[in-house]
Structure formats: C-alpha cells, structure tokens
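K.L.:
Quick note, the sequence shown lines up with residues 3 to 328 if you use the numbering used here. Ideal Cβ positions, reconstructed from N, Cα and C, are used throughout, including at glycine. None of these values were measured; they are calculated from a predicted model.
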Amino acid sequence: MRRLWEYAAVSDARPKLTVVVPFLNEEQNLPLLFDRLCKVMESQPESLEVLFVDDGSTDGSPAWVASKAKTDPRARLLRLSRNFGHQIAITAGLDHADGDAAVIIDADLQDPPEVIPELLAKWREGYEVVYAVRRSREGETWLKKFLAASFYRIFRALAKVDVPMDAGDFRLVDRKVIDALKQVRELHRFMRGLTCWVGYKQGAVHYDRAARTMGETKYPVWKSFRLAVDAITAFSASPLRWTAGLGGIACLVGLLWFLDILWARLVHPGGIERGWSSLMAVIIFMGGVQLVSVGMLGQYVSRIFEESKRRPLYFIKGDTASGRDS
Ligand code: UDP
Ligand code: MG
Numbered sequence: 003m004r005r006l007w008e009y010a011a012v013s014d015a016r017p018k019l020t021v022v023v024p025f026l027n028e029e030q031n032l033p034l035l036f037d038r039l040c041k042v043m044e045s046q047p048e049s050l051e052v053l054f055v056d057d058g059s060t061d062g063s064p065a066w067v068a069s070k071a072k073t074d075p076r077a078r079l080l081r082l083s084r085n086f087g088h089q090i091a092i093t094a095g096l097d098h099a100d101g102d103a104a105v106i107i108d109a110d111l112q113d114p115p116e117v118i119p120e121l122l123a124k125w126r127e128g129y130e131v132v133y134a135v136r137r138s139r140e141g142e143t144w145l146k147k148f149l150a151a152s153f154y155r156i157f158r159a160l161a162k163v164d165v166p167m168d169a170g171d172f173r174l175v176d177r178k179v180i181d182a183l184k185q186v187r188e189l190h191r192f193m194r195g196l197t198c199w200v201g202y203k204q205g206a207v208h209y210d211r212a213a214r215t216m217g218e219t220k221y222p223v224w225k226s227f228r229l230a231v232d233a234i235t236a237f238s239a240s241p242l243r244w245t246a247g248l249g250g251i252a253c254l255v256g257l258l259w260f261l262d263i264l265w266a267r268l269v270h271p272g273g274i275e276r277g278w279s280s281l282m283a284v285i286i287f288m289g290g291v292q293l294v295s296v297g298m299l300g301q302y303v304s305r306i307f308e309e310s311k312r313r314p315l316y317f318i319k320g321d322t323a324s325g326r327d328s
C-alpha cells in the first residue's frame, strides 16, 4: 500500500477514496448523505469521489445526482440500465471506482458516514479490507434481527469463509481487493462473503447501526431470504451432502423397520397389524424428504444454468465521468 508521506510532496497526488453508494429510489436520503460524506472527508487527507450507482430508480434521485455532478466534481453518477439488485449495483460501483480504496455504504444513512475516518485509519495501518461491524441495529424488526443473527451463524458454519458476524456491506476495500473482485464474475454474488474470500489483511471497526432516515426498506424479509440462499449455495455444497446423509438415515430406519416386522412375524406367526396411519406417516415423510432433496438439487442446478449463460452482470446507461449522462 502507498503511504501518506509518499503523497506529501505533491498535493494533487493525494490518495483518493471512492465512496460507492448503490441506491434505489432514495431521493430524500441522497442530499443528506452527500453533505455528511463531504463534511466527514474535509478533515481527512484523502480526496473524495462519491460514486452514486443508480439501480433503476424511478424517482427524482438520479436527476438530483446528475445536477450535483455538474457543479461538484466529487459527485459522480453511474446509471444501470434497469434494477439489477443491490449486490450487482455494488459490483458495478467497484468496477468503476478509481480510488486507491473504496467504501461501500447504503444510501439510507443506516451506515453512518462518520465511521469512515475510522475505516480509513485502519486502512492506513495496512489493512486491506476493513469491516464496519454493527454493535446494535436500531429500527429493525425482531424477526429481521433474529433471521440475520441465525444467517451469519449458519453461513459461517457451512461456508468455511470467516465472515465477521453482523457486518453488512458497509466496509472499506483497498485497490488490490477491488482488482481481485473484478476477476470474480459470478452472477449470484454475495459481496460480504466475496470480500472475505479474496483474502488479504482483514480488520474491523465497531459502530451502532441507526434506523433508516427516510423511505421504506427495499429488503423485505423474502428478499433477505433469497440473498441468504444465494450466499449459502454460492459458498457451500454442504446442503447437497446433507440430503445424501438424510437419504442414508431414511434407508437405515426402513431397514430396521423391516427387521422389526420380520421379527414380529417369526414370534407371532399369525401376523400383526401395522396400521394404515403409520404407513401414511412413512409415505408422507419419505415424500417430503425426497422433495426437499430434489428442491435442494434444483437450487444448485438452476445456478449452474444461470452461470453457464455467461451474461454480463449489468449494463450501464450513463456515467457522468465519461460524459455519458442519460
Ligand atoms: N438497493 C439497491 N437496489 C435494490 C435494493 C436496494 O441499490 O434492488 C439499495 C438501497 O437503496 C440502499 C441499499 O441498497 O441504499 C440497502 O437497501 P435497504 O436499506 O432497503 O436494505 P436494509 O437496510 O433494509 O437491509
Ligand atoms: Mg437500509
């Protein structure tokens, strides 16, 4: 990593921080966020670029950023051709960031920009990925908190990737990590896992997560669940191994049952009744196990199918930096 004093001689050659802000209809939050980012960065030696990534917004937010970019060189707008989802928007932002480091931050001010100096301090110490780990999460339902807590535990156990508990996408990544991530082109991306998986020196700072300032969450529980499934299937094949294990257990139970019947017949040659309901229970249980296994297999097969198409992850319809401003 380049050190600060290497830049001291020439003032324009300050290191640059790109703040990547993926957003979907965040008209009310963007001006507040931009002001807070600028204020926080005033006291920092790095120069600032705020790369707003419009993930198919239908409100006035892209127009606001476009007009801001005309008057303030720190603001930049990258527009995706439609809504591709949060993880892809982050990817597009990192692909286009030209800073020496990038910070990924949500547009809704849930990730306080005031934590950025701490992230930068760690980066200057030589850390190449710095997570902002949530000490608390305000304004979120108990269900979301419970599911999030369970997810991180399951993911860590399955994926064998050491993702920190309770760190969202809010984190700093060094240029080396950005370049590494550029080579990872999988479609179902779980950026939190990938930034860990690439390696390099990883560190953390802690903060309290605020409630959303304005507008609605774009991550209802079902979307979070989909992200969780994507994350697990992208990082671990253990669920497939479990289904094989489940099949093995079912076979064993069946065999024991058969032996029991045989034994009963030998001891009571008249035969004993094995009721209809116990038969139904076995059939339904086995049917369930089979469907779950096939479903699990289907998750992986559908991912193979989607990845095999090798479609680009996103399309850009405008970038204020290159003058393609639509
Ligand atoms: N977002 C996005 N594309 C989407 C959904 C969300 O770019 O399809 C952005 C959103 O504008 C916000 C961030 O991703 O900046 C996190 O979303 P949100 O705050 O709704 O999620 P939550 O914090 O509730 O998990
Ligand atoms: Mg949020």
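#1: Identify the residues that DSSP records as bridge partners of residue 60: which are they?
#2: Looking at residue 87 and ligand 1, is the gap between the Cβ and the nearest heavy atom below 8 Å?
#3: Taking 8 Å as the cut-off, is the CB of residue 24 close to at least one heavy atom of ligand 1?
#4: Would you mind stating whether residue 203 and residue 128 have Cβ atoms separated by less than 9 Å?
#5: Per DSSP, residue 18 forms a beta bridge with which residues?
#6: What did DSSP end up calling residue 2 once you bin it into helix, strand or coil?
#7: Would you kindly work out how many angstroms separate the C-alpha atoms of residue 135 and residue 60, rounded to a whole number?
#8: For ligand 1, any of its heavy atoms closer than 8 Å to the Cβ of residue 291?
#9: Tell me, please, whether the region 137 to 151 touches the region 48 to 60 by the rule of three or more beta-carbon pairs shorter than 8 Å.
#10: Cβ of residue 92 versus every heavy atom of ligand 4: is any distance shorter than 8 Å?
#11: Can you tell which of 79, 243, 194, 15 has its C-alpha closest to the C-alpha of residue 49?
#12: Give me whichever residues DSSP pairs with residue 38 in a beta bridge.
#13: From the DSSP output, in three-state form, read off residue 375 for me.
#14: Using DSSP with H/G/I as helix, E/B as strand and the rest coil, what is residue 311?
#15: Report the rounded CA-to-CA distance for residue 9 versus residue 17, giving the unit in angstroms.
#16: When the Cα of residue 178 is compared with those of 97, 242, 119, which residue comes out closest?
#17: Can you tell me whether residue 108 sits near ligand 1, meaning its C-beta is under 8 Å from at least one heavy atom of the ligand?
#18: Determine the DSSP secondary structure at residue 192, reduced to helix, strand or coil.
#19: What three-state label does DSSP hand residue 148 in the structure shown?
#20: Note the first and the last residue of the continuous alpha helix (DSSP H) segment covering residue 254.
#21: Please classify residue 89 as buried or exposed, where buried requires at least 16 other C-beta atoms within 10 Å of its C-beta.
#22: Please tell me whether residue 197 and residue 131 are closer than 9 Å, where the distance is taken between their beta carbons.
#23: Does the count of Cβ pairs from the region 276 to 284 and the region 143 to 160 closer than 8 Å reach three?
#24: For the pair the region 231 to 249 and the region 157 to 170, tell me if three or more CB-CB distances fall below 8 Å.
#25: Around the C-beta of residue 246, are 16 or more other C-beta atoms found within 10 angstroms, so that it is buried, or is it exposed?
#26: Measuring from the CB of residue 204, is there a heavy atom of ligand 2 at a distance below 8 Å?
#27: Taking the C-alpha atoms as reference points, what is the distance between residue 330 and residue 115?
#28: Where does the unbroken alpha helix (DSSP H) through residue 207 begin, and where does it stop?
#29: Mind checking residue 299: buried by the 16 CB within 10 Å criterion, or exposed?
#30: Around the Cβ of residue 43, are there at least 16 other Cβ atoms within 10 angstroms (buried) or fewer (exposed)?
#31: Just how far apart, CA to CA, sit residue 87 and residue 249?
#32: For the putative contact between residue 200 and residue 104, defined by C-beta atoms under 8 Å, what is the C-beta separation to the nearest angstrom?
#33: Output the distance between the C-alpha atoms of residue 269 and residue 259, rounded to the nearest integer angstrom.
#34: Do you know offhand how far residue 251's Cα is from residue 157's?
#35: Give the single residue among 228, 294, 145 whose Cα lies nearest to the Cα of residue 244.
P.N.:
The structure says:
#1: According to the DSSP secondary-structure assignment, residue 60 is paired through a beta bridge with no residue.
#2: Shortest gap from the CB of residue 87 to any heavy atom of ligand 1: under 8 Å.
#3: In this structure, residue 24 has its CB closer than 8 Å to one or more heavy atoms of ligand 1.
#4: In this structure, residue 128 lies closer than 9 Å to residue 203 by Cβ.
#5: In the DSSP assignment, residue 18 is bridged to 49.
#6: Since the displayed the chain opens at 3 and closes at 328, residue 2 lies outside it and no answer follows.
#7: Between the C-alpha atoms of residue 135 and residue 60 there is a straight-line separation of about 31 Å.
#8: Flag unset: Cβ of residue 291 not near ligand 1.
#9: With the cut-off at 8 Å, the region 137 to 151 and the region 48 to 60 do not touch.
#10: Among the ligands in the structure shown, ligand 4 does not appear; only ligand 1 and ligand 2 can be found there.
#11: For the residues 79, 243, 194, 15, the minimum Cα distance to residue 49 belongs to 15.
#12: For residue 38, which the question treats as bridged, DSSP gives no partner whatsoever.
#13: With the chain running from 3 to 328 in the structure shown, residue 375 is simply not present.
#14: Residue state, collapsed to three classes: coil.
#15: Residue placement at residue 9 is flagged as unreliable, the pLDDT there being 49, under the threshold of 50; the coordinate-derived value follows with that caveat. Between residue 9 and residue 17, the C-alpha separation is close to 7 Å.
#16: Comparing Cα-Cα distances from residue 178 to each of 97, 242, 119, the minimum goes to 97.
#17: Yes.
#18: Reduced to three states, the DSSP call for residue 192 is coil.
#19: It is helical.
#20: Boundaries of the alpha helix (DSSP H) around residue 254: 240 to 269.
#21: Buried is the call here.
#22: Taking 9 Å as the Cβ cut-off, residue 197 and residue 131 qualify as a contacting pair.
#23: Taking 8 Å as the limit for Cβ pairs, the verdict is that the region 143 to 160 does not touch the region 276 to 284.
#24: Judged by Cβ distances under 8 Å, the region 231 to 249 makes contact with the region 157 to 170, as three or more pairs qualify.
#25: With fewer than 16 Cβ atoms within 10 Å of its Cβ, residue 246 is classed as exposed.
#26: Between ligand 2 and the CB of residue 204, the shortest heavy atom gap is not smaller than 8 Å.
#27: Only positions 3 to 328 of the chain appear in this structure, which leaves residue 330 out of reach.
#28: Counting along the chain, residue 207 falls outside any alpha helix (DSSP H), though it belongs to the beta strand (DSSP E) covering 204 to 211.
#29: With fewer than 16 Cβ atoms within 10 Å of its Cβ, residue 299 is classed as exposed.
#30: When all chains shown are included, residue 43 counts as buried.
#31: Cα to Cα, the separation comes out at about 36 Å.
#32: 14 Å between Cβ atoms; not a contact.
#33: Computed Cα separation, rounded: 15 Å.
#34: Taking the straight line joining both Cα atoms gives about 24 Å.
#35: When only C-alpha atoms are compared, the closest one is 294.
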